[in-house]
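One point on numbering: in my numbering, the residue at position 334 of the sequence shown is 328, and numbering is uninterrupted.
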Amino acid sequence: MTPEIGHFALALALAFALVQSILPILGAARGNALWMQSGRWSALGQVVFVAVAFGALMQAFVVSDFTVRNVVENSHSLKPLLFKIAGTWGSHEGSLLLWVLILTVFGAGVSVFGSNIPDALKARTLSVQAWISVGFLTFMLFTSNPFERVFPPPPDGQDLNPLLQDVGLAMHPPLLYFGYVGFSIVFSFAVAALIEGRVDVAWARWVRPWTLAAWMSLTAGIALGSWWAYYELGWGGWWFWDPVENVSFMPWLMGTALLHSAIVTEKRDAFKSWTILLAILTFSLSLLGTFVVRSGLLTSVHAFAVDPERGLYILGLLALSIGGSLALFAWRAPAMEGGGLFRPISREAGLLLNNMILAAATGVVLFGTLYPLFYEAMTGGEKLSVGPPFFNAAFIPMMLPLVFVMGIGPLLSWKRADLAGVLQRVKFVAVLAVIATLAVWYLTQGGPVLGYLSILIAVWLFLATLREWALRIRLFDVPFADSRRRARNLPRSAHGMTLAHAGLAVAMFGFIGSSVWKSEEIVFVTPGTDIAIAGFDVTFDGVERVRGPNYVADRGTLTVRRDGAFVTTLYPERRNYPVAQSTTTESAIRSTMAGDLYASISGPAAEDVASSGAWTLRILYEPPVNFIWIGSAMLILGGGLSLSDRRLRIGAPRRKAADPGAVPAE
């Protein structure tokens, strides 16, 4: 009975979405307050019924209701409870239901917390949000019903993909979707503003907290997914430029540009068209990612291998959403006033350069991701691979100038800046960055020039960020008590910017160190084999068979010594899941701030070696890879600090008068 309740709840949610998509926007056009107010209650009704449906599906997974096809295909009675719960969103249908739940949560959030948003703008925003809901609810009800029954029910399920049975990945999709879908409300604000014909400082203030919340969630989701890939897949990497990784990275890049553009619109009433366009493109890239993952175009551990006909449905939604919003932008954007003027050397110019580089970098990633798909379609199935060499060669050189500008940008004044004065204030920072890079060169004694250049830029960003914060509070220029008072009185968004920029520099240390100075050995080993790597002596002691809740594992034992002294014991595993008929790798990692010693095992590749009892051992030393996760955490905390700024919590005052040059509302 519970699955039928969930299915009926989805139908009711669709009814609420249809009302919300029409009535509030008509009310805004006609000035009917009651119709506009209906958007609030429709949004709340939607979130309630979608939450009921999501709870019904989760309950089916928890109790192992094998009359539901989704549970049969993605669960098993022996699976641990946490992964039964995670199985709710571990399939195409379940993840789509989670997507719609988050979509309605953001709509309800605007209806509840948007009390200072003008009624007409809020009504239009909620209607646009409902258009998106209608598209995904109809897609789910007509092509991807998560509550489809199966008769007769099988005695047990087929189990969730073992690669997805991991604590890190259990949290990865919800965080990623909060980022993806969070940009939907920013998109809705942008389209509503275009319909209304008005973008101003107040609008930017209302949009910014939603943009920050989505950006933080997407950052956390990408970082968690990267961490999962690092320790779970067994190849020792944290990013492979996989197409499904790329489709989450592109909205992050564009969302970062949107976040900075909204600041200029709020502070200087400029970049209005930029901000609107970036809001549309960011969510469009989120929808593109949904299409790529669910269309059957890709085969990936991240992708849902589904019927391509479903991909055609999403392609239609994609064309309607992106095409319609861009057409509206082309019509309305020319009427927007340009806003405040600024000189080529100013903070506005620095942020404009930031936006242009991020947009160009997104274009590079988009080209590298989609070109193989187009090539295969145009050549009748001929495969073409675009992998890390292309992305590293095209993307990284574009990012280094951006990171350099990030170190200077916050020191520039709005409207007009004295570049000579700024350089005077950071010349000591530049000297320290050069000295630090020379120290790295002395310690590593080898590596590509690009690696040392990247280290130089990362150190520059870190020190320049600290220098800018020190100048704000006049550290060492006034008594420490005065500096502490100034720090306490600084807006939280200023502290958040400092933490986020420093976090990117810290993450760069991890990116560069683990990529440029990584050591790796792949060898066949038998008990007693010794391997030397990065100053460690590793002895392979053998393999034993162990049993888990729903798997059988071959567990290796590695004794690690350094200079003859015992360091640690590592236990990499090769797990076999009989129900899913799948094998996974569980790496063993000894983590320190200096670097990780990483080991994974697999069965031998050759029969003659297998007969001797040998195993394939992959062992790596990655310095200092943990800085990636530390820097990512700093980015997220920086966003959280900015989001907690009192100015964003209070929001913008109600607008009292129309701009003289505003385009009249429909």
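Heads up, the beta-carbon is just placed ideally off N, CA and C, and yes, glycines get one too.
With residue i as the anchor, note down where its alpha helix (DSSP H) starts and where it stops.
{"i": "residue 336", "result": "Note, residue 336: premise wrong, no alpha helix (DSSP H); not H, not E."}
{"i": "residue 190", "result": "161 to 190"}
{"i": "residue 130", "result": "113 to 137"}
{"i": "residue 559", "result": "Premise fails: residue 559 lies in the beta strand (DSSP E), 559 to 564, not in any alpha helix (DSSP H)."}
{"i": "residue 240", "result": "237 to 262"}
{"i": "residue 677", "result": "The chain is shown only over -5 to 660; residue 677 falls outside these bounds and no answer can be derived."}
{"i": "residue 376", "result": "Per DSSP, residue 376 belongs to no alpha helix (DSSP H) and is neither H nor E."}
{"i": "residue 70", "result": "Neither: residue 70 is in no alpha helix (DSSP H) and is coded neither H nor E."}
{"i": "residue 418", "result": "413 to 438"}
{"i": "residue 685", "result": "No answer is possible for residue 685: it lies beyond the span of the chain, which begins at -5 and ends at 660."}
Can you give me the C-alpha to C-alpha distance between residue i and residue j, rounded to a whole angstrom?
{"i": "residue 278", "j": "residue 129", "result": "14 Å"}
{"i": "residue 507", "j": "residue 617", "result": "5 Å"}
{"i": "residue 485", "j": "residue -3", "result": "49 Å"}
{"i": "residue 299", "j": "residue 85", "result": "Residue placement at residue 299 cannot be trusted, given a pLDDT of 44 that sits under 50; what the coordinates show is reported in the next sentence. So the alpha carbons of these two residues sit roughly 10 Å apart."}
{"i": "residue 80", "j": "residue 9", "result": "28 Å"}
{"i": "residue 3", "j": "residue 580", "result": "40 Å"}
{"i": "residue 566", "j": "residue 82", "result": "29 Å"}
{"i": "residue 350", "j": "residue 365", "result": "22 Å"}
{"i": "residue 231", "j": "residue 444", "result": "20 Å"}
{"i": "residue 261", "j": "residue 380", "result": "41 Å"}
{"i": "residue 213", "j": "residue 146", "result": "44 Å"}
{"i": "residue 478", "j": "residue 116", "result": "41 Å"}
{"i": "residue 594", "j": "residue 229", "result": "8 Å"}
{"i": "residue 378", "j": "residue 578", "result": "27 Å"}
{"i": "residue 309", "j": "residue 168", "result": "23 Å"}
{"i": "residue 629", "j": "residue 144", "result": "46 Å"}
{"i": "residue 224", "j": "residue 328", "result": "47 Å"}
{"i": "residue 369", "j": "residue 222", "result": "31 Å"}
{"i": "residue 13", "j": "residue 207", "result": "27 Å"}
{"i": "residue 293", "j": "residue 47", "result": "Caution applies to residue 293, whose pLDDT of 49 falls short of 50 and renders its modelled position unreliable; the model cannot decide the point."}
{"i": "residue 256", "j": "residue 203", "result": "10 Å"}
{"i": "residue 493", "j": "residue 149", "result": "53 Å"}
{"i": "residue 435", "j": "residue 446", "result": "7 Å"}
{"i": "residue 75", "j": "residue 54", "result": "12 Å"}
{"i": "residue 499", "j": "residue -5", "result": "54 Å"}
{"i": "residue 173", "j": "residue 522", "result": "49 Å"}
{"i": "residue 432", "j": "residue 623", "result": "25 Å"}
{"i": "residue 480", "j": "residue 471", "result": "12 Å"}
{"i": "residue 119", "j": "residue 318", "result": "15 Å"}
{"i": "residue 637", "j": "residue 529", "result": "45 Å"}
{"i": "residue 511", "j": "residue 438", "result": "8 Å"}
Where DSSP assigns a beta bridge to residue i, which residues make up the other side?
{"i": "residue 576", "result": "571"}
{"i": "residue 44", "result": "Residue 44 pairs with nothing; no bridge assigned."}
{"i": "residue 545", "result": "Residue 545 is not bridged to any residue."}
{"i": "residue 592", "result": "583 and 614"}
{"i": "residue 533", "result": "524 and 553"}
{"i": "residue 368", "result": "For residue 368, which the question treats as bridged, DSSP gives no partner whatsoever."}
{"i": "residue 62", "result": "143"}
{"i": "residue 538", "result": "549"}
{"i": "residue 609", "result": "519"}
From the options, pick the residue whose C-alpha is nearest to that of residue i; which is it?
{"i": "residue 621", "options": "229, 73, 587 and 131", "result": "587"}
{"i": "residue 181", "options": "320, 494 and 70", "result": "320"}
{"i": "residue 326", "options": "92, 151, 187 and 243", "result": "187"}
{"i": "residue 423", "options": "441, 407, 402 and 438", "result": "402"}
{"i": "residue 563", "options": "396, 570, 238 and 585", "result": "585"}
{"i": "residue 283", "options": "170, 610, 140 and 432", "result": "170"}
{"i": "residue 72", "options": "159, 94, 40 and 119", "result": "159"}
{"i": "residue 545", "options": "70, 61 and 633", "result": "70"}
{"i": "residue 418", "options": "458, 220, 453 and 383", "result": "458"}
{"i": "residue 49", "options": "141, 172 and 469", "result": "141"}
{"i": "residue 502", "options": "172, 106, 396 and 357", "result": "396"}
{"i": "residue 287", "options": "236, 525 and 52", "result": "236"}
{"i": "residue 162", "options": "518, 51 and 219", "result": "219"}
{"i": "residue 383", "options": "359, 371 and 399", "result": "359"}
For the beta strand (DSSP E) containing residue i, name the first residue and the last one.
{"i": "residue 526", "result": "524 to 527"}
{"i": "residue 399", "result": "Unbroken run through residue 399 is the alpha helix (DSSP H), 382 to 402; no beta strand (DSSP E)."}
{"i": "residue 514", "result": "513 to 519"}
{"i": "residue 22", "result": "Here residue 22 belongs to no beta strand (DSSP E); instead the alpha helix (DSSP H) covers -4 to 24."}
Touch test, the region 123 to 137 against the region 188 to 197, Cβ-Cβ under 8 Å, three pairs minimum: no
Touch test, the region 266 to 273 against the region 245 to 252, Cβ-Cβ under 8 Å, three pairs minimum: yes
Three-pair Cβ contact test at 8 Å for the region 486 to 505 versus the region 455 to 471: yes
Three-pair Cβ contact test at 8 Å for the region 532 to 540 versus the region 553 to 561: yes
Contact the region 14 to 26 vs the region 86 to 97: 3+ CB pairs below 8 Å: no
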